Amino acid sequence: RSPNKRLITIAGPSSSGKTTTSKRLELQLKADGLFPISISLDDYFVAREATPRDEKGEYDFEDILALDLELLDYHLCSLLEGKEVHLPKFDFITGTSKPSGKVIRINKNQPIIIEGIHGLNDKLTTSIPREMKYKIYVSALTQLGIDDINRIPTTDTRLIRRIVRDHHFRGHSAIRTIKMWPSVRRGEEKFIFPFQEDADILLSSALTYELAVLKIYAEPLLVQISEDNYENTEAKRLLKFLEYFLPITDTHLIPPNSILREFIGGSIFDY
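Shown next, in the form of structure tokens:
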């Protein structure tokens with residue numbers, strides 16, 4: 072516990088479980104006598120038409136400029152000065168930001184938790200000195216291997232997580248998620264991985280059994296991608312990969328505060 076740490080930033084690549092990590096940390100800090108407030112970077116996206124585009128002309132949601140940095144910086148500084156802030160809420164279906172109806176103010180003993188893929192990038196918090204920040208890096212560092220030689224790529228775990236989550240919570244088809252994935256990966260290489268060494272701590276969100284659960288949600292989505300789609304090749308590869316796992320169909324066994332609930336639903340937390 073350090074009184075100088077006013078801002079906790081949680082970052083990591085797509086579908087690494089940042090949001091649940093943030094909410095569980097908030098709960099634990101409350102149990103320890105602190106009362107942090109959490110701010111999600113996902114709620115600070117600019118309007119979809121203002122989103123930067125990649126070299127193919129597609130929206131690049133991984134670019135740090137896809138965030139309203141000026142508004143975020145203003146809100147963080149206002150909170151640290153003890154002022155009242157009206158938080159936004161981003162609607163991923165309409166691609167617009169709207170008032171969340173949530174108004175917050177903190178005292179000098181309350182830390183702020185912000186999470187998102189750019190959480191370690193100081194461009195988010197240019198007005199706040201480093202000694203006031205505690206940086207956490209989260210990723211799904213899968214420890215399983217297909218055999219003694221071939222490991223399970225962390226990126227495959229995260230892609231399958233994202234396919235399931237995007238369908239449940241953002242109204243996206245599997246083909247759309249797969250189509251966006253190369254842009255997501257380029258964004259990670261450019262905006263996330265270069266900053267991971269600046270983290271104060273590294274956390275792994277991977278669960279040994281998660282692919283056996285994700286299998287029952289991902290397979291029906293992947294088989295819908297027809298042969299005449301370019302993304303069918305990737306869908307077939309993922310389906311072949313999921314054949315290595317026997318399904319876990321009794322999802323009631325999964326704790327309601329589990330990281331996995333961020334992707335399949337049924338969490339005690341609101342996302």
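In terms of our numbering, the sequence shown opens at residue 72 and continues consecutively. Here a beta-carbon is modelled for each residue, glycine too, at the ideal position from N, C-alpha and C. Since the structure is predicted, the reported quantities are computational estimates derived from the model, not experimental observations.
Report task. Could you check how far apart the C-beta atoms of E133 and E259 are, in whole angstroms? I think they sit under 8 Å. Result -> Here the question's residue 133 lines up with position 62 in the sequence shown. Here the question's residue 259 lines up with position 188 in the sequence shown. The pair is a contact, with the Cβ atoms about 7 Å apart (cut-off 8 Å).
Query raised in the report: From what residue to what residue does the beta strand (DSSP E) around L78 run?
Result: Against the sequence shown, residue 78 aligns to sequence position 7. It spans L78 to A82 - the beta strand (DSSP E) in which L78 sits, taken as one unbroken run.
Requested in this report: Note down the Cα distance separating K127 from R176, rounded to an integer number of angstroms.
Outcome: Within the sequence shown, the letter at position 56 stands for residue 127. Within the sequence shown, the letter at position 105 stands for residue 176. Cα to Cα, the separation comes out at about 42 Å.
Query raised in the report: So who's on the other strand from Y208, going by DSSP bridges?
Result: Within the sequence shown, numbered from 1, the residue matching residue 208 stands at position 137. For Y208, which the question treats as bridged, DSSP gives the partners A82 and L273.
Query raised in the report: In the DSSP assignment, what residue or residues form a beta bridge with V174?
Result: Residue numbering aside, residue 174 sits at position 103 when the sequence shown is read from its first letter. Beta-bridge pairing links V174 to H157.
Query raised in the report: To the nearest angstrom, how far is it from the Cα of S109 to the Cα of T228?
Result: Residue 109 sits at position 38 when you count from the first residue of the sequence shown. Residue 228 sits at position 157 when you count from the first residue of the sequence shown. Answer to the nearest angstrom: the Cα atoms are 26 Å apart.
Query raised in the report: What span of residues does the beta strand (DSSP E) with I234 cover, start to end?
Result: In the sequence shown, residue 234 corresponds to position 163, counting from 1. Unbroken run through I234 is the alpha helix (DSSP H), T225 to F240; no beta strand (DSSP E).
Query raised in the report: Do the CB positions of L292 and H238 come within less than 9 Å of each other?
Result: Residue mapping note: residue 292 aligns to position 221 of the sequence shown, counting from 1. Residue mapping note: residue 238 aligns to position 167 of the sequence shown, counting from 1. Cβ distance < 9 Å, so L292 and H238 count as in contact.
**Report entry** Beta-ladder partner(s) of F116, from DSSP
**Finding:** Start at 1 with the first residue of the sequence shown, and residue 116 comes out as number 45. F116 pairs with L138.
**Report entry** Range covered by the beta strand (DSSP E) that runs through I344
**Finding:** Residue 344 lies beyond the residue range present for the chain, which begins at 72 and ends at 342; the question has no answer from this structure.
Query - Beta-carbon gap between G88 and I330 smaller than 9 Å - result: On the sequence shown, residue 88 is found 17 positions in, with the first residue counted as 1. On the sequence shown, residue 330 is found 259 positions in, with the first residue counted as 1. In contact: G88 and I330 (Cβ atoms closer than 9 Å).
Query raised in the report: If you draw a straight line from the C-alpha of K94 to the C-alpha of Y280, how long is it?
Result: Position 23 of the sequence shown, counted from the start, is the residue given in the question as residue 94. Position 209 of the sequence shown, counted from the start, is the residue given in the question as residue 280. Going from the Cα of K94 to the Cα of Y280 covers about 22 Å.
**Report entry** For S171 and F116, believed in contact at Cβ under 8 Å, the rounded distance
**Finding:** Counting from one through the sequence shown, the residue named residue 116 turns up at place 45. Counting from one through the sequence shown, the residue named residue 171 turns up at place 100. Actually they are not in contact, since the Cβ atoms of F116 and S171 sit about 13 Å apart, beyond 8 Å.
Query raised in the report: What is the rounded straight-line gap between the Cα of D125 and the Cα of P253?
Result: Sequence index remark: in the sequence shown, residue 125 carries index 54 (1-based). Sequence index remark: in the sequence shown, residue 253 carries index 182 (1-based). Cα-Cα distance, rounded: 11 Å.
Requested in this report: Measure the alpha-carbon distance for L215 versus I319 and round it to whole angstroms.
Outcome: Within the sequence shown, residue 215 is the residue found at index 144, counting from 1. Within the sequence shown, residue 319 is the residue found at index 248, counting from 1. Their Cα atoms are separated by approximately 17 Å.
Query - Span of the alpha helix (DSSP H), counted from its first residue to its last, around I60 - result: With the chain running from 72 to 342 in the structure shown, residue 60 is simply not present.
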